[in-house]
Amino acid sequence: MKSSRFDATVLTLGFAFLYIPIIILVVYSFNASKLVTVWGGFSLQWYRTMWSNQGLMDAAWITARVGVISATIGTVLGTLAALSLVRFTRFPGRMLFSGMIYAPLVMPEVITGLSMLLLFVAVGIDRGFWTVIIAHTTFTMCYVAIVVQSRLLTFDRSLEEAALDLGCPPVKTFFKITLPLIFPAVIAGWMLAFTLSLDDLVIASFTTGPGATTLPIKIYSQVRLGVTPEINAICTILIGLVTIGVIITSITTKQAEMRRIRDEHVAARGTT
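Written as structure tokens, this is what we have:
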């Protein structure tokens with residue numbers, strides 16, 4: 002009993018430490034006062050002011066485009082990397098390949114950003130929108146690979162073998178059998194990659210250029226001069242969008258998993 006109470010207390014304090022600052026930020030985004038630490042009544046004026054702030058809107062649009070493009074490319078590359086590591090257990094350079102895939106997980110972001118900067122300077126590529134996408138794709142694909150790899154390790158390959166035995170080509174088997182079954186993991190990897198890209202500040206600060214200022218960089222540059230209610234408003238919108246995305250993804254993943262289990266039960270009854 003004492004142990005369970007201690008665990009519950011520690012868990013409560015941990016969640017409070019994580020979420021109370023977020024709740025305070027959301028509450029003060031509706032503050033009528035210009036001072037973020039003084040409550041002046043309920044108001045939506047800072048949301049209206051935020052929409053008229055062209056600098057913030059441009060940074061938000063750039064961040065959304067970078068997140069969608071880098072998450073999509075990273076998901077494709079991460080899925081292919083996971084397939085290579087799970088399906089081809091022995092090939093020359095496999096250890097080096099897996100190390101290169103997982104390196105961004107343990108590499109400090111400062112080192113990753115600096116190395117990408119030195120690469121772009123050495124190659125002679127002007128920093129801007131596409132260099133941020135390249136950096137974010139490199140950074141996020143390893144997370145996608147881990148998520149998809151964990152699903153492939155528990156994948157029933159007899160379904161693929163049955164399709165191949167019936168004459169289905171390997172590529173068609175992948176798109177008709179394998180991909181639909183691992184699709185929840187692919188979507189989860191995409192959401193994780195998009196969230197990491199949306200949140201990144203360090204790597205983007207090394208690889209960005211003129212006309213490619215992301216929202217975290219914009220917010221950080223303004224926070225150094227003082228927190229304004231507009232920043233609270235746009236952060237609240239980001240929190241809401243991420244929360245909605247996570248809920249939709251969780252529901253979609255759960256429904257797909259339930260359909261998969263139901264189909265496997267139907268197939269098992271059909272073979273008996």
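Per our numbering, the very first residue in the sequence shown carries number 2; after that it's consecutive.
Ideal placement from N, C-alpha and C gives every residue a C-beta, glycine not left out.
Given the structure is predicted, the values throughout are model-derived calculations rather than measurements.
Spatial neighbours of Leu-106 in its chain, beta-carbon cut-off 6 Å, leaving aside the 5 residues before and after: Indexing the sequence shown from 1 puts residue 106 at position 105. Closer than 6 Å at Cβ, skipping near neighbours: Cys-143.
Option nearest Val-228 by Cα separation, candidates Arg-152, Ala-189, Thr-38 and Thr-64: In the sequence shown, the residue the question calls residue 228 occupies position 227. The option with the nearest alpha carbon to Val-228 is Thr-38.
Given 8 Å, three or more beta-carbon pairs between the region 57-67 and the region 179-189: No contact exists between the region 57-67 and the region 179-189.
Top-ranked residue by Cα proximity to Ile-25, from Asn-233, Arg-91 and Asn-54: For the purposes of this step, residue 25 is identified with residue 24 of the sequence shown, where counting begins at 1. The option with the nearest alpha carbon to Ile-25 is Asn-233.
Coil, strand or helix - Asn-233 by DSSP: On the sequence shown, position 232 is the one that residue 233 refers to. DSSP places Asn-233 in helix when its eight states are reduced to three.
C-beta atoms of Thr-76 and Ala-194 nearer than 8 Å: Translated into the one-based positions of the sequence shown, residue 76 becomes position 75. Translated into the one-based positions of the sequence shown, residue 194 becomes position 193. Judged by beta-carbon spacing, Ala-194 lies within the 8 Å limit of Thr-76, meaning their Cβ atoms are closer than that value.
Residue from Thr-50, Ala-33, Arg-128 and Tyr-48 with nearest C-alpha to Gly-42: Residue numbering aside, residue 42 sits at position 41 when the sequence shown is read from its first letter. When each option's Cα is compared against that of Gly-42, the closest is Ala-33.
Nearest-angstrom Cβ-Cβ length linking Gly-210 and Thr-141, presumed shorter than 8 Å: Mapped onto the sequence shown, residue 210 falls at position 209. Mapped onto the sequence shown, residue 141 falls at position 140. Contact flag wrong, Cβ pair sits at about 20 Å.
Helix, strand or coil at Phe-156 [DSSP, three-state]: Within the sequence shown, numbered from 1, the residue matching residue 156 stands at position 155. Three-state DSSP puts Phe-156 in coil, outside helix and strand.
Pick from Leu-84, Ile-218 and Phe-18 that is closest to Arg-152, judged by C-alpha positions: Taking the first residue of the sequence shown as 1, we reach residue 152 at position 151. The option with the nearest alpha carbon to Arg-152 is Leu-84.
Contact between the region 153-163 and the region 171-182 (3+ Cβ pairs under 8 Å): Here the region 153-163 makes contact with the region 171-182; the two share three or more CB pairs at distances below 8 Å.
Option nearest Gly-212 by Cα separation, candidates Ile-147, Gly-246, Leu-199 and Arg-128: Looking up residue 212 in the sequence shown gives position 211. Residue Arg-128 is the option with its Cα nearest to Gly-212.
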